[in-house]
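Residues in the sequence shown are numbered from 1 upward in steps of one, following the working numbering. Backbone N, C-alpha and C fix where the C-beta goes; we use that ideal spot for every residue, glycine too.
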Amino acid sequence: MSLKKYVGIDFGGTSIKGGIVDENGTLIVKNSVLTEVDKGQVQMIDNIVTLIEKLLEESSLKMDDIASVGMGIPGVVDSKLGQVVLACNLRWEKVNVATELEKIIGKKVFVSNDANVAALGEVKFGAGGGRENAVMLTLGTGVGSGIIANGKLLEGHKGAGAELGHAVMVMNGEECTCGRRGCIEAYVSASALIRDTKRAMNANPDSKLWQGVNSIGDVDAKLSFDYCEVDETAKTLVDNYIKYLGDALASVGNIFRPEVIILGGGVSYQENRLTDPLQEYIDNTVFAGKLLDQIIVTTAKLKNDAGIYGAAALCMLG
């Protein structure tokens, strides 16, 4: 008996990535097409169909060989209705994308928020090791999040929940892109670390951090980690960043009590330099930490393919 195969689509504002994944988690083939937001909704859906056709051709499979199609989309997604309620980057509002795509390809289509889908992929096929309770935080331009509870996605009403990055951790703190102040995202995103690094460099003109850039505009989220062992300003930046992130993860641990917390996004590429101190912090900070199973802190494994794997896993949940 052949393994079931699924198409996983990672729908982004610039490109649409996709792959065919079997039920054992083997990525058979992957490819991408341009999203072409400026050409409108109909063209974007046509581009998804084109991508699926490319994947089938390259894998020598037919549509009849595919069990279903899953898709992660950036925005508020009502997974029960198969509707994108709001996706600002796509300029979509109340688009019934699942129904529209089903009409064209004749297969069941499952949709969810892209961060939820990436988390699902990591839990089922990546760093989560198949555990049933996990939280993933993506530390990028913002802070995306996905929650898996008892083996299922926890999405909130109409798919609009699980936005952990917009929980407030500092009253009247740094301004967040959501309009509030003091959000987790405003302290532990890559953007926040870049902001804080620039401030510290301007305040400390003798810092060795200046040696790593041609100008202040070249600062990235990696710079402070690169110099934290040789420069006191950089060390302070990294220590403060880990303290904020540790407090955020401790709150996540206390609320959801996951078996594992997975960190993705650009900052997560620091691997053990990030997770070792965070693990120690969580072990000593989370409620009843020493009396219950350790909440493992780890980094994502699937990298840019997490969305593809997760969209396929969405199909498997049914």
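Using alpha carbons as the reference points, say which of the options lies closest to residue i.
{"i": "Lys94", "options": "Leu101, Glu102, Ser112, Val85", "result": "Val85"}
{"i": "Asp22", "options": "Asn31, Leu34, Lys30, Tyr6", "result": "Tyr6"}
{"i": "Arg181", "options": "Val76, Ala167, Tyr241", "result": "Ala167"}
{"i": "Gly141", "options": "Pro258, Ala190, Cys176", "result": "The sequence given here places Thr at residue 141; Gly does not occur at that position. Considering only alpha carbons, the answer is Ala190."}
{"i": "Ile73", "options": "Gly310, Met316, Leu317", "result": "Gly310"}
{"i": "Leu274", "options": "Val117, Ser79, Ala300", "result": "Ala300"}
{"i": "Gly156", "options": "Asp206, Leu56, Val77, Thr99", "result": "Val77"}
{"i": "Lys235", "options": "Lys208, Ile261, Val260", "result": "Lys208"}
{"i": "Asn133", "options": "Asp220, Asp293, Val213", "result": "Asp293"}
Just the Cα atoms here: how many angstroms apart are residue i and residue j?
{"i": "Ile296", "j": "Asp196", "result": "28 Å"}
{"i": "Arg199", "j": "Lys158", "result": "39 Å"}
{"i": "Ala186", "j": "Ser145", "result": "14 Å"}
{"i": "Asn272", "j": "Phe225", "result": "12 Å"}
{"i": "Phe125", "j": "Gly25", "result": "6 Å"}
{"i": "Ser268", "j": "Thr298", "result": "9 Å"}
{"i": "Ser79", "j": "Phe110", "result": "7 Å"}
{"i": "Leu137", "j": "Asn204", "result": "31 Å"}
{"i": "Cys88", "j": "Asn96", "result": "15 Å"}
{"i": "Asp220", "j": "Lys108", "result": "42 Å"}
{"i": "Ala67", "j": "Asn150", "result": "24 Å"}
Would you mind stating whether residue i and residue j have Cβ atoms separated by less than 8 Å?
{"i": "Phe256", "j": "Ile147", "result": "yes"}
{"i": "Met71", "j": "Ile9", "result": "yes"}
{"i": "Leu51", "j": "Val33", "result": "yes"}
{"i": "Leu302", "j": "Gly121", "result": "yes"}
I'd like the list of long-range same chain contacts for residue i, defined as Cβ closer than 8 Å, with 5 residues on each side in sequence excluded.
{"i": "Thr35", "result": "Phe11, Gly12, Gly13, Thr14, Ser15, Ile16, Met44, Asn47, Leu90"}
{"i": "Asp242", "result": "Residue 242 is actually Ile in this sequence, not Asp. Leu274, Pro277, Leu278, Tyr281, listed in sequence order."}
{"i": "Val252", "result": "Val135, Leu137, Leu164, Pro258, Ile261"}
Buried or exposed: where does residue i fall if 16 or more other Cβ atoms within 10 Å of its Cβ makes it buried?
{"i": "Cys183", "result": "buried"}
{"i": "Lys30", "result": "buried"}
{"i": "Met171", "result": "exposed"}
{"i": "Glu163", "result": "buried"}
Could you name the residues of the same chain whose beta carbon sits closer than 7 Å to that of residue i, not counting the 5 residues immediately before and after it, in chain order?
{"i": "Ala115", "result": "Thr138, Gly144, Ser145, Gly146"}
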